[in-house]
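A short worksheet on the structure shown next.
2 protein chains.
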Amino acid sequence: MSEPFSFRLTATDGAARTGEVTTAHGVVHTPAFMPVGTQASIKGVHHDDVRASGAEILLGNTYHLMLRPSAERIAALGGLHTFMRWPYPILTDSGGFQVMSLSPLRKITEQGVTFRSHIDGAMIELTPERAIDVQIMLGSDIAMQLDECVRLPAERGEIERAMKLSLRWAERCKRAFEAAAPGRALFGIVQGGDDLALRIESARALDEIGFSGFAIGGLAVGEPQEVMLKIVAETAPALPVERPRYLMGVGTPADLIEAVARGMDMFDCVMPTRNGRHGLAFTRFGPINIKNAHHADDPRPLDAESRCSAARDFSRAYLHHLFRSGEALGGTLLSIVNLFYYQDLMAGARAAIGAGRFADYRDKTKEQWIARPDPNTRDPNAAEI
Amino acid sequence: MSEPFSFRLTATDGAARTGEVTTAHGVVHTPAFMPVGTQASIKGVHHDDVRASGAEILLGNTYHLMLRPSAERIAALGGLHTFMRWPYPILTDSGGFQVMSLSPLRKITEQGVTFRSHIDGAMIELTPERAIDVQIMLGSDIAMQLDECVRLPAERGEIERAMKLSLRWAERCKRAFEAAAPGRALFGIVQGGDDLALRIESARALDEIGFSGFAIGGLAVGEPQEVMLKIVAETAPALPVERPRYLMGVGTPADLIEAVARGMDMFDCVMPTRNGRHGLAFTRFGPINIKNAHHADDPRPLDAESRCSAARDFSRAYLHHLFRSGEALGGTLLSIVNLFYYQDLMAGARAAIGAGRFADYRDKTKEQWIARPDPNTRDPNAAEI
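Just so you know, the sequences run in chain order A and B.
If you use our numbering, the first sequence corresponds to residues 17 to 401, in order.
If you use our numbering, the second sequence corresponds to residues 17 to 401, in order.
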């Protein structure tokens, strides 16, 4: 029997907040960054390193797991926590976003979404009820409603249609979930693209349906950062204060700090591991592209004062060599560096909010990124590779 | 100033022996297995895991390191120990073997070997003196002479020519080394293919030149296991008792146990990591091909009693899933499993030799491999993939 899910707000500082999400598998301190365990693995990184970085919760991708090894198999093996040996909290997405981005063929109807598996070509139907069923089989602590996410830019009519469909799916998800998983958490997802009025409408309607937490979805899908932050700033106040707020798929360190400033509590992104595998390290001094030639003879570590051994104990020259030589250890070490940095950034935010000095923390953190940029990294806030 | 290199024989049991190799970077207990750090990295495995497995010494590949990042660069960065952050003993090969196996174009003369770099196509000359110079720049605790290794089968005349050239190179290496690295260790390499008389002649001539240790090279290059073991059994007694004996590039767990039984002390091989990356786990119960479909629903770990977390704490179903999904963590975990197993095998051999029951250990170890073979692994001693 799972313990009931709860959220407790512990401090506020302007719009920024700290809190504690309690789940059957432990407590998550917010603002929290969730590393992404796409296929039941944080790419290239051992779970022990993920945990050591400070991660208190992982995200699992329902789309990938339902296709392989299948939710039924994971359930038979004791659920996702046992299967992947991560005994701490897990949030699963609904699968909807990956269906949109990965499946070569898909059809959306009122009933749900039908798509062709990118693995074996099988036609698969994902309805709101099935998305909940799968997430219950996975045993996630926090499940997400199925939603439809439109790419931006898009016509207002198209954005509104998808938002309203997502609301009807939200209701169906809630009904399916309540019957099957009392005491566990289901989050609703605000849609509405870059249209503020639609966002507010979506947020209020979801609040009325009632969820354990609320996500803002459909952002970080190609729009400029200021558009994203504006939507976040306007949408967060329309969500109930006493529930956690999760900004899906975001983002760069700067995105996270700014979204925390606007009242968001939870984040997930593949950036720390994906960029790490491609040679980009996030550090207190801004991003460092370790593949640049000028690192080849540099005996300095990425950050001599980091609590992360990979950042502190290996020279830039060695990390550069690993990437030049195609050694997988390079991607692993930089992924670890980045996972630690993201957790440190959130821990710093939590401490600053608790002390009522978040604005100062935000300014100082961003100043330091720019003060000593890597000479060959043109844009110190660049993150996408 | 380096401490002098030394070897102390601590026990014998039949032809099998235990000993301690002392270097400036620590003691190595023999029989010892050396993981291979080809490009200053044990492929896919963090150094901390390599150390935790029990490895007391690594092998570095001179050929790879001299081409990239170059011995000069590594020297400027403090030597290989500092560069790769492995403060324990390191043995480097001479580069000769990789020149033969990797370079698309090579020419062997009395002077040395000229070859085309497989990285940038540059023509490079490797002489005995240069091989020593490079290894001194790398700062290895144990350097190897340059030798010429012929593939088997080969004509006796060709084997003899290469063996005699290797002896002349051995003398040149010794002269170059003594002048530059007093107190550090240089090993000679016995050649002579599958010809026992040539092997004995090579061993005696090397003993006369005088080295800190002796390797048997040019085996595990395609000949049957019984040929290799016969050469080892006949060659080892021709080497001085009071020096360590290193069987290069060997091998499977069975190869190691049998070579220990014939008086060999040191081994290196890429098999634990290469086979691990390809889904083959070495265990007390023999090799397990984790990619086989029948593991998909198996909640058992590879070995519930292993001291290796990767073998003990993850289910076969999960490891199978990681390989099926192309997740790099699978190769990393199985590489760790195999590195631990190889070290455990050597630790078991050392304990058994010390207790005078090595024959029993050898029999019991091999019996257990066969008693519970993985149902879908046809040959329980199979190791090459």
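The C-beta atom is built at its ideal place from N, Cα and C for all residues, glycine as well.
* Asked: What's the C-alpha gap between Val-243 (chain A) and Tyr-377 (chain A)?
  -> Within the first sequence, the letter at position 227 stands for residue 243 (chain A). Within the first sequence, the letter at position 361 stands for residue 377 (chain A). Whole-angstrom Cα-Cα distance: 23 Å.
* Asked: Is Gly-229 (chain B) close to chain A, meaning its C-beta is less than 8 Å from at least one C-beta of that chain?
  -> Indexing the second sequence from 1 puts residue 229 (chain B) at position 213. Judged by the 8 Å Cβ criterion, Gly-229 (chain B) is not in contact with chain A.
* Any idea if Met-139 (chain B) is buried or exposed, counting beta-carbon neighbours within 10 angstroms, 16 or more meaning buried? -> Sequence index remark: in the second sequence, residue 139 (chain B) carries index 123 (1-based). Its Cβ having fewer than 16 others within 10 Å, Met-139 (chain B) is exposed.
* Asked: Using a Cβ-Cβ distance under 8 Å, would Phe-339 (chain B) count as near chain A?
  -> As a first step, residue 339 (chain B) must be located in the second sequence, where it is residue number 323. Not an interface residue.
* Flag Gly-265 (chain B) as yes if its beta-carbon sits less than 8 Å from any beta-carbon of chain A, otherwise no. => Sequence index remark: in the second sequence, residue 265 (chain B) carries index 249 (1-based). Not closer than 8 Å to any Cβ of chain A, the Cβ of Gly-265 (chain B) fails to qualify, so no.
* To do: Just the chain A side, please: which residues come within less than 8 Å of Lys-59 (chain B) by C-beta, in chain order?
  => Numbered from 1 along the second sequence, position 43 holds the residue referred to as residue 59 (chain B). Simply Glu-343, Ala-344 and Leu-345.
* To do: Measure the C-alpha to C-alpha separation of Ala-68 (chain B) and Asp-360 (chain B) and round it to an integer number of angstroms.
  => Taking the first residue of the second sequence as position 1, residue 68 (chain B) is located at position 52. Taking the first residue of the second sequence as position 1, residue 360 (chain B) is located at position 344. Each residue's Cα considered, the two are about 11 Å apart.
* Asked: For Arg-316 (chain B), which of B:Arg-328, B:Asn-305, B:Asn-308 and B:Lys-307 has the nearest alpha-carbon?
  -> Locating residue 316 (chain B) in the second sequence gives position 300, counting from the first residue. Checked all of B:Arg-328, B:Asn-305, B:Asn-308 and B:Lys-307; the closest Cα to Arg-316 (chain B) is B:Arg-328.
* List the residues of chain B that Pro-315 (chain A) touches, going by C-beta distances under 8 Å, in chain order. => Taking the first sequence and counting its residues from 1, one reaches residue 315 (chain A) at position 299. Per Cβ cutoff of 8 Å: Leu-93 and Gly-94.
* **Beta-carbon proximity of Gly-267 (chain A) to Cys-285 (chain A), cut-off 8 Å** => Here residue 267 (chain A) corresponds to residue number 251 of the first sequence, with the count starting at 1. Here residue 285 (chain A) corresponds to residue number 269 of the first sequence, with the count starting at 1. Yes, the pair counts as a contact, with Cβ atoms nearer than the cut-off.
* To do: Say whether chain A places a C-beta atom closer than 8 Å to the C-beta of Pro-85 (chain B).
  => Here the question's residue 85 (chain B) lines up with position 69 in the second sequence. Closer than 8 Å: yes.
* Asked: Given Lys-127 (chain A), which residues of its chain have a CB within under 7 Å of its CB, disregarding the five upstream and five downstream residues?
  -> Mapped onto the first sequence, residue 127 (chain A) falls at position 111. Checking the sequence, you will find Gln at residue 127 (chain A) rather than Lys. Correct list, in chain order: Thr-143.
* chain A contact for Ser-331 (chain B) (CB, 8 Å cutoff) -> One-based indexing of the second sequence puts residue 331 (chain B) at position 315. Judged by the 8 Å Cβ criterion, Ser-331 (chain B) is in contact with chain A.
* **Nearest-angstrom Cβ-Cβ length linking Thr-78 (chain A) and Gln-151 (chain A), presumed shorter than 8 Å** => On the first sequence, position 62 is the one that residue 78 (chain A) refers to. On the first sequence, position 135 is the one that residue 151 (chain A) refers to. Contact holds; Cβ gap of about 6 Å.
* Asked: Shortest alpha-carbon distance to Arg-215 (chain A) belongs to which of A:Gly-199, A:Ser-228, A:Arg-177 and A:Tyr-357?
  -> Position 199 of the first sequence, counted from the first residue, corresponds to residue 215 (chain A). That would be A:Arg-177, whose Cα lies nearest to the Cα of Arg-215 (chain A).
* Hey, out of A:Phe-21, A:Gly-265 and A:Thr-46, whose CA is closest to Gly-53 (chain A)'s CA? -> Numbered from its first residue, the first sequence carries residue 53 (chain A) at position 37. With distances taken between Cα atoms, Gly-53 (chain A) lies closest to A:Gly-265.
* **Supposed contact pair Glu-217 (chain B) and Gly-208 (chain B) - C-beta distance, whole angstroms, cut 8 Å** => Position 192 of the second sequence, counted from the first residue, corresponds to residue 208 (chain B). Position 201 of the second sequence, counted from the first residue, corresponds to residue 217 (chain B). Correct: roughly 7 Å between the Cβ atoms.
* To do: Consult DSSP for Gly-370 (chain B) and reduce its assignment to one of helix, strand or coil.
  => What you label residue 370 (chain B) is simply residue 354 of the second sequence in a count that begins at 1. If DSSP states are grouped into helix, strand and coil, Gly-370 (chain B) belongs with the helices.
* **CB-CB length for Asp-281 (chain A) against Ala-48 (chain A), believed under 8 Å** => As a working note, residue 281 (chain A) is residue 265 in the first sequence. As a working note, residue 48 (chain A) is residue 32 in the first sequence. With a Cβ gap of about 7 Å, Asp-281 (chain A) and Ala-48 (chain A) count as contacting.
* **Beta-carbon proximity list for Ile-306 (chain B), same chain, < 7 Å, skipping 5 on both sides** => Here residue 306 (chain B) refers to the residue found at position 290 of the second sequence. Excluding positions up to five away in sequence, the list reads Gly-295, Ala-297, Arg-332, Leu-335, His-336, Phe-339 and Leu-350.
* To do: Would you list the residues sitting across from Leu-296 (chain B) in a DSSP beta bridge?
  => What you label residue 296 (chain B) is simply residue 280 of the second sequence in a count that begins at 1. Looking at the DSSP assignment, Leu-296 (chain B) forms a beta bridge with B:Asn-305.
* To do: Could you say which of A:Asp-149, A:Ala-201, A:His-311 and A:Gly-292 lies nearest to Ala-192 (chain A) if we only look at CA atoms?
  => The count along the first sequence starts at 1 and reaches residue 192 (chain A) at position 176. Cα-wise, what sits closest to Ala-192 (chain A) is A:Asp-149.
* Asked: Does any CB atom of chain A fall closer than 8 Å to the CB of Met-100 (chain B)?
  -> Here residue 100 (chain B) is taken as the residue at index 84 of the second sequence, counted from 1. So, interface residue.
* Can the beta-carbon of Ala-71 (chain A) be found closer than 8 Å to that of Pro-85 (chain A)? -> The sequence position of residue 71 (chain A) within the first sequence is 55, counting from 1. The sequence position of residue 85 (chain A) within the first sequence is 69, counting from 1. No, the Cβ-Cβ distance between Ala-71 (chain A) and Pro-85 (chain A) is not below 8 Å.
* To do: Name, going along the chain, the residues of the segment 60–71 of chain A whose beta-carbon falls closer than 9 Å to a beta-carbon of chain B.
  => Gly-60, Val-61, His-62, His-63, Asp-64 and Asp-65
* Under 9 Å from the C-beta of Gln-114 (chain B): neighbouring residues of chain A -> Indexing the second sequence from 1 puts residue 114 (chain B) at position 98. Ordered by position in chain A, no residue passes the 9 Å Cβ test against Gln-114 (chain B), which lies about 14 Å from the chain.
* Asked: Nearest to Gln-384 (chain A) by CA position, among A:Leu-162, A:Gly-95, A:Phe-131 and A:Asp-319, is which residue?
  -> Locating residue 384 (chain A) in the first sequence gives position 368, where the first residue counts as 1. Of the listed residues, the one whose Cα sits closest to Gln-384 (chain A) is A:Asp-319.
* To do: From the DSSP output, in three-state form, read off Pro-317 (chain A) for me.
  => In the first sequence, residue 317 (chain A) corresponds to position 301, counting from 1. Here Pro-317 (chain A) sits in strand by DSSP.
* Asked: Nearest-angstrom Cα distance between Asp-29 (chain A) and Ala-92 (chain B)?
  -> Translated into positions along the first sequence, residue 29 (chain A) becomes position 13. Translated into positions along the second sequence, residue 92 (chain B) becomes position 76. Cα to Cα, the separation comes out at about 50 Å.
* Please state whether DSSP places Thr-453 (chain B) in a helix, a strand or coil. => In this structure chain B extends from 17 to 401, so residue 453 (chain B) is not present and cannot be described.
* With 16 other Cβ atoms within 10 Å as the buried cut-off, status of Val-166 (chain B) -> For the purposes of this step, residue 166 (chain B) is taken as residue 150 along the second sequence, with counting starting at 1. So Val-166 (chain B) counts as buried.
* To do: Examine chain B for any beta-carbon lying closer than 8 Å to the beta-carbon of Tyr-334 (chain A), and answer yes or no.
  => The count along the first sequence starts at 1 and reaches residue 334 (chain A) at position 318. Closer than 8 Å to some Cβ of chain B, the Cβ of Tyr-334 (chain A) qualifies, so yes.
* Runs of beta strand (DSSP E) wholly within the segment 118–178 of chain B (minimum 3 residues, chain order) -> 122–124, 129–132, 139–142 and 158–160
* With respect to the alpha helix (DSSP H) encompassing Ala-231 (chain A), which residues constitute its N-terminal and C-terminal limits? -> On the first sequence, residue 231 (chain A) is found 215 positions in, with the first residue counted as 1. It is not in any alpha helix (DSSP H) - Ala-231 (chain A) instead sits in the beta strand (DSSP E) that spans 229–232.
* Which class does Cys-285 (chain A) belong to by DSSP, given the choice of helix, strand or coil? -> Counted from its first residue, the first sequence places residue 285 (chain A) at position 269. Strand.
* **Where Ala-56 (chain A) meets chain B, residues with beta-carbon distance less than 9 Å** => One-based indexing of the first sequence puts residue 56 (chain A) at position 40. Going along chain B in sequence order, the residues near Ala-56 (chain A) (Cβ under 9 Å) are Tyr-334, His-337, Leu-338, Ser-341 and Glu-343.
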